[in-house]
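Participant:
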Amino acid sequence: MELGGRMLWALLSGPGRRGGTRGWAFSSWQPHLPLAGLLNAKELVRHWTAVFEKRGIPEAQASSEYIVAHVLGAKTFQSLRPELWTQPLTPWQLQCIQELSSRRLQRMPVQYILGEWDFQGLSLKMAPPVFIPRPETEELVEWVLEEVAQSPCAMGTQDGPLILEVGCGSGAISLSLLSQLPQSRVIAVDKGEAAICLTEENAQRLRLLDRIRIVPLDVTLEGSWAHLLPWGPVDLVVSNPPYIFHQDMEQLAPEIRSYEDPLALDGGEEGMDIIIHILALARWLLKDSGSIFLEVDPRHPELVGNWLQSQPDLSLDLVAMRRDFCGRPRFLHIQRSGPQRGCPADAWPGPQPARVPG
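In this text, residue positions in the sequence shown follow UniProt numbering: the first is 1, and each later residue adds one.
(1) With DSSP collapsed to three states, give me the class of residue 328.
(2) May I have a chain-ordered list of the alpha helix (DSSP H) segments no shorter than 4 residues that lie completely inside the stretch 67-133?
(3) With 16 other CB atoms within 10 Å as the buried threshold, where does residue 309 fall?
(4) Say whether chain B places a C-beta atom closer than 9 Å to the C-beta of residue 336.
(5) Secondary structure at residue 305, three-state DSSP: helix, strand or coil?
(6) Is residue 190 helix, strand or coil when you go by DSSP?
(7) Going by alpha carbons, who is nearest to residue 324 out of 275, 228, 297?
(8) Would you mind sorting residue 220 into buried or exposed? The rule is 16 or more other CB atoms within 10 Å of its CB.
(9) Are the beta-carbon atoms belonging to residue 239 and residue 292 less than 9 Å from one another?
(10) Which whole-angstrom value describes the C-beta separation of residue 141 and residue 176, a residue pair presumed to lie in contact below a C-beta threshold of 8 Å?
(11) For residue 185, does the three-state DSSP call read helix, strand or coil?
(12) Less than 9 Å between the C-beta atoms of residue 160 and residue 233, yes or no?
(13) Once DSSP output is grouped into helix, strand and coil, what is the label at residue 295?
(14) Can you tell me whether residue 24 is helix, strand or coil according to DSSP?
(15) Comparing C-alpha positions only, which one of 280, 187, 315 sits nearest to residue 222?
(16) From residue 249 to residue 90, what does the alpha carbon distance come to, in whole angstroms?
(17) Please check the pair residue 241 and residue 294, which I expect to be a contact at CB under 8 Å, by giving their CB distance rounded to whole angstroms.
(18) Here's the rule I'm using: 16 or more other beta-carbon atoms within 10 Å means buried, otherwise exposed. How should residue 86 be labelled?
(19) Going by Cα to Cα distance, which pick from 77, 60, 208, 268 is closest to residue 105?
(20) What are the residues that DSSP puts in a beta bridge with residue 239?
(21) On a Cα-Cα basis, can you pick out the residue from 55, 53, 41 that is closest to residue 77?
(22) When DSSP labels each residue in this structure, what does residue 154 get in the three-state scheme?
(23) To which residues of the same chain is residue 147 closer than 8 Å at the C-beta, ignoring the five residues directly before and after it?
(24) Verify whether the separation of the beta carbon atoms of residue 322 and residue 312 is less than 9 Å.
(25) Considering just the uninterrupted stretch of the beta strand (DSSP E) at residue 320, what are its terminal residues?
(26) What residues in its chain sit with their C-beta under 6 Å from that of residue 131, if we drop five residues either side in the sequence?
(27) Under the assumption that residue 111 contacts residue 126 (Cβ atoms under 8 Å), give the Cβ distance between them as a whole number of angstroms.
(28) For residue 210 and residue 199, which I take to be in contact (beta-carbon distance under 8 Å), what is that distance rounded to the nearest angstrom?
(29) Quick one: Cα of residue 288 to Cα of residue 183, how far?
(30) State buried or exposed for residue 229, treating a residue as buried only when at least 16 other CB atoms are found within 10 Å of its CB.
(31) Would you mind stating whether residue 71 and residue 45 have Cβ atoms separated by less than 9 Å?
(32) Please classify residue 165: is it buried, with 16 or more other beta-carbons within 10 angstroms of its beta-carbon, or exposed?
(33) Could you work out which residue in 266, 129, 120, 235 is closest to residue 245 when comparing CA atoms only?
(34) Would you list the one or two residues that DSSP bridges to residue 335?
(35) Is it the case that the CB of residue 148 approaches a heavy atom of the ligand MN more closely than 8 Å?
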């Protein structure tokens, strides 16, 4: 993702990570209309930047540039052909920009306004309330790819690693790993119907549906791991789980609180609720010497390390921690040191539907 996208998310994400209460209805307030004579892209960006700044919208210029570029058929304003910067816009284009800008004035995230966002070079469809992947998560994917490249012999058979993603959201992690590990296969689970549908749609668009199994599943339910047995054991578990401390939810930016699903955000009192369930899955689903990669809150490395020490029967060791691009402790690599139990030997059955009952 470009630097502009990283800066945008740094501001939109507020003091925590992300948050959400559903509710994307617009108010009756009407946005400013473009002034007479504002007919080209540069002038429209200047105008809407001023409007956004006046209304206290974060990253005002980046927001206006993304919207104008989108209407003109480009990913970013900088990628527009130079002649389009000063070419008069049509009435239809002006109206589209006004309508999209009015949504930004209601604090809707740019990703939902555009209906798509790039992640690891993939263009993914985005729709509320499904969690929008952040730049930090791209770093998580990069770390997984590095580890797989360094130990290919330990990652499954010649067909490549079998990966389980818990909480797939839009499918960003799963699909980026599939696209960069041609022989890999993925089981992607999520308890949100909207997330399951969006992951399936993105997989279809990217022609990766034949290598992914998308399973509606709540890992907090007792015995939920049993639904995954026909597809395991797995080489890797990767997750960007809900990890916000419950007390921090109200501190998050309006873009996050008002549009994204709180169930994809709130990790409980210490942000550990889902993380603990993911670690507990290892005894049933993770191969011996298999790995778990997690994105977490900066306070979690110590908490997770202490919890693992209190659960020796899991045979899981915290072997590495990595910081994000802001220098915060953000990613964990946990490895299994004991035998896996409870999964059949035939790890990947024959052709199956993309979605199976949870």
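Note that CB positions come from ideal geometry on N, CA and C, so glycine has one too.
Facilitator: Result, derived from the coordinates:
(1) Coil at residue 328, not helix or strand.
(2) Qualifying alpha helix (DSSP H) stretches, in chain order: 82-86, 91-105, 110-114.
(3) Exposed, since its Cβ has fewer than 16 Cβ neighbours within 10 Å.
(4) Judged by its chain identifiers, the structure shown contains no chain B, having just a single protein chain.
(5) Collapsing the DSSP output to three states places residue 305 in a helix.
(6) Residue 190 falls in the strand class under three-state DSSP.
(7) Residue 297 is the option with its Cα nearest to residue 324.
(8) Counting other Cβ atoms within 10 Å of its Cβ, residue 220 stays below 16 and is therefore classed as exposed.
(9) Yes, the Cβ-Cβ distance between residue 239 and residue 292 is below 9 Å.
(10) Indeed, because the Cβ distance is near 5 Å, the residues count as touching under 8 Å.
(11) Here DSSP, grouped into helix, strand and coil, assigns residue 185 to strand.
(12) No. Outside cutoff.
(13) Correct three-state label for residue 295: strand.
(14) For residue 24, the predicted model reports a pLDDT of 37, less than 50, meaning its position is unreliable; a value from the coordinates is still stated below. Three-state result, residue 24: coil.
(15) Considering only 280, 187, 315, the residue with the shortest C-alpha distance to residue 222 is 280.
(16) Residue 249 and residue 90: Cα-Cα distance of roughly 42 Å.
(17) Right, the Cβ-Cβ distance comes to about 7 Å (below 8 Å), so this counts as a contact.
(18) Looking at its Cβ environment, which holds fewer than 16 other Cβ atoms inside 10 Å, residue 86 is exposed.
(19) Taking only the C-alpha atoms, the option nearest residue 105 is 60.
(20) For residue 239, the beta-bridge partners assigned by DSSP are 294.
(21) Considering only alpha carbons, the answer is 41.
(22) Residue placement at residue 154 cannot be trusted, given a pLDDT of 49 that sits under 50; what the coordinates show is reported in the next sentence. In the structure shown, residue 154 sits in a helix (DSSP, three-state: H, G or I).
(23) Sequence-distant partners of residue 147 (beyond 5 residues in either direction) whose C-beta falls short of 8 Å from its own C-beta, in its chain, are 291, 293, 333.
(24) Going by C-beta atoms, residue 322 is not nearer than 9 Å to residue 312.
(25) For residue 320, the uninterrupted beta strand (DSSP E) segment begins and ends at 316-323.
(26) These residues qualify, in order along the chain: 169, 260, 264.
(27) Contact holds; Cβ gap of about 5 Å.
(28) Contact doesn't hold; Cβ gap of about 14 Å is too wide.
(29) Residue 288 and residue 183: Cα-Cα distance of roughly 21 Å.
(30) Around the beta carbon of residue 229, a 10 Å sphere encloses fewer than 16 other beta carbons of the protein chains shown; the residue is thus reported as exposed.
(31) With contacts defined by Cβ atoms closer than 9 Å, residue 71 and residue 45 do not form a contacting pair.
(32) Residue 165 should be labelled buried.
(33) Among 266, 129, 120, 235, the Cα nearest to that of residue 245 is on 266.
(34) Bridge partners of residue 335: 291, 317.
(35) What this structure holds is no ligand at all, so the ligand MN is not there to describe.
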